[in-house]
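If you're matching positions, the sequence shown starts at 30 in the working numbering and goes up one per residue. Cβ coordinates follow ideal geometry from the N, Cα and C atoms, glycine included. Since the structure is predicted, the reported quantities are computational estimates derived from the model, not experimental observations. Presented below is the structure to which this report refers.
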Amino acid sequence: MSRERTIQPEAAFEGEVISLPLYLDYPASTPLDPRVFDAMSPLMQGARGNPHSRTHALGFKAHHAIEEARIEIARLIQAKPHEIIFTSSATEANNLALLGILRAATGRRHVISCVTEHEAILRPLEALAEEGVEITLLPVDTEGRIDIDELEGAIRPETTLITLMAANNETGVIHDLNAIGRIAAHHGIPFHSDAAQGLGTLDIDVGRDSLAALSLSSHKIYGPSGIGALYLREDIEIRPIFHGGAQEKTLRPGTLPTALCVGFGEACRLLLETREEEAAGFTALRQEFLATLRAKLGNRLRVNGEEAAHIPNCLSLTIDGVEAEDLIDRLPDLALSTGSACTSARGEPSHVLIAMGRTAVEAAATLRLGFGRSTRTVELRYAAHRIAEAVQSLIS
């Protein structure tokens, strides 16, 4: 269903001006930080060298810029620069990690994951199952948490990989990477995590958390779309999943997009400087928004995963008595979604919420929204006012 419609460019609220549409879909993608654009801009104009053609100054300049970006990405997660492999996205990084590590293994192969993982993990696991890999998907409780004891109990002699996301892309619920990493390390099993949703607010240290591989996304941390990365610990055996040139140690053939790599590196540099302060600010915004919305909706409102550890800037809200699609139709001035951008596009009930024990009706009554660097408290009060107004129009 197309939701393109004409709206006013701004609204007056509580004596302030709100620019419209108000962007609240940060879990799906973040705006490009102007400082990131400034870092990229010189590399998108004039003569541009191929970073893999280092026989002349332009090629060497491009190569040097990419290597500097690689250093910044590695610094953010406490990795070594040569352990960073550029990809086109976190989805590609997930595929490279899962397919590459499992196809490099011999004998019986077994992977442990979770029912609430992103499609970019679940679909590669389905492909591996067709190749004879055994898959164990751990259940979650009503708050979206796995049981660490169940994880350890699922380990077998042939377990080849554990893959569990850092933070859920719909609910924001966090897996305890450090606890999982300790179990994986104790049993000598590589541990991979999809950190696309958690990188912006979580302090991830690949050494401390015993990670063998970590998938990263640029456009979730105010960097450009079209670029991601896989951290791969230097001792991990892996096969490429497609073939071509020798770029990225033959694991990711193809000419690297210099400007995108530089933008990703700059986004990581900025994030390292501001992450702790921003996370605290997001927590305050979350509390203000929920207090305002609860005052208006009362018991109609349920926050999915609220009792679990969670990132502060991703909210899954079930509103009893309405359908989220109808609600969004009445909110053209708010940019939000009904769940993951991937599953929303197919119109299917959220597999995450179903796994948490919600009914299909409850899943259909659920909004996902988030906020970011530029979000103001007054904007969230406006959003709460508009959501409550739309709910009232649907139930009256």
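Which class does residue i belong to by DSSP, given the choice of helix, strand or coil?
i           : result
residue 277 : helix
residue 203 : strand
residue 293 : helix
residue 39  : strand
residue 267 : coil
residue 176 : coil
residue 310 : helix
residue 146 : coil
residue 86  : helix
residue 513 : As shown, the chain starts at 30 and ends at 425. That puts residue 513 outside it, with no answer to give.
residue 327 : helix
residue 170 : coil
residue 55  : coil
residue 228 : coil
residue 129 : helix
residue 340 : coil
Taking residue i and residue j to be in contact with their CB atoms under 8 Å, please state how far apart those CB atoms are, rounded to whole angstroms.
i           : j           : result
residue 192 : residue 385 : Not really, about 19 Å apart at Cβ, beyond 8 Å.
residue 333 : residue 388 : Contact flag wrong, Cβ pair sits at about 13 Å.
residue 136 : residue 343 : Not confirmed; about 39 Å, so no contact.
residue 275 : residue 249 : Not really, about 29 Å apart at Cβ, beyond 8 Å.
residue 407 : residue 42  : 7 Å
residue 189 : residue 138 : 5 Å
residue 233 : residue 106 : 5 Å
CB-CB under 7 Å to residue i, same chain, minus the five flanking residues each way: which ones, in chain order?
i           : result
residue 154 : 127, 140, 142 and 164
residue 117 : 255, 256 and 257
residue 239 : 210, 211, 213, 214 and 220
residue 314 : 400, 404, 406 and 409
residue 84  : none
residue 30  : The predicted position of residue 30 is uncertain, since its pLDDT is 46 and thus under 50; a value taken from the coordinates is nonetheless stated next. Hits under 7 Å: none found.
residue 68  : 291, 292 and 295
residue 433 : There is no way to answer for residue 433, as the model of the chain reaches only from 30 to 425.
Is the CB-CB distance between residue i and residue j below 8 Å?
i           : j           : result
residue 299 : residue 64  : yes
residue 218 : residue 184 : yes
residue 358 : residue 49  : no
residue 196 : residue 231 : yes
residue 223 : residue 150 : yes
residue 397 : residue 368 : yes
residue 330 : residue 413 : no
residue 364 : residue 51  : yes
residue 420 : residue 356 : yes
residue 198 : residue 56  : yes
residue 119 : residue 235 : no
Which same chain residues, not among the five before or five after residue i, have their C-beta less than 6 Å away from its C-beta?
i           : result
residue 44  : none
residue 378 : 389 and 392
residue 252 : 65, 292, 293 and 296
residue 337 : 172, 173, 174 and 202
Short of 8 Å in beta carbon distance, which residues of its chain neighbour residue i, apart from the five on each side in sequence? Order them along the chain.
i           : result
residue 175 : 143, 167, 168, 169, 193 and 204
residue 422 : 359
residue 94  : 72, 80, 287, 290 and 291
residue 89  : 78 and 83
Validate contact between the stretch 282-300 and the stretch 153-165 using beta carbons, cut 8 Å, 3 pairs: In short, these stretches do not touch, since the Cβ pair count stays below three.
Three-pair Cβ contact test at 8 Å for the stretch 237-248 versus the stretch 106-126: Yes, they touch.
Stretch pair the stretch 301-317 + the stretch 78-85: three plus CB contacts closer than 8 Å: Short answer: they don't touch.
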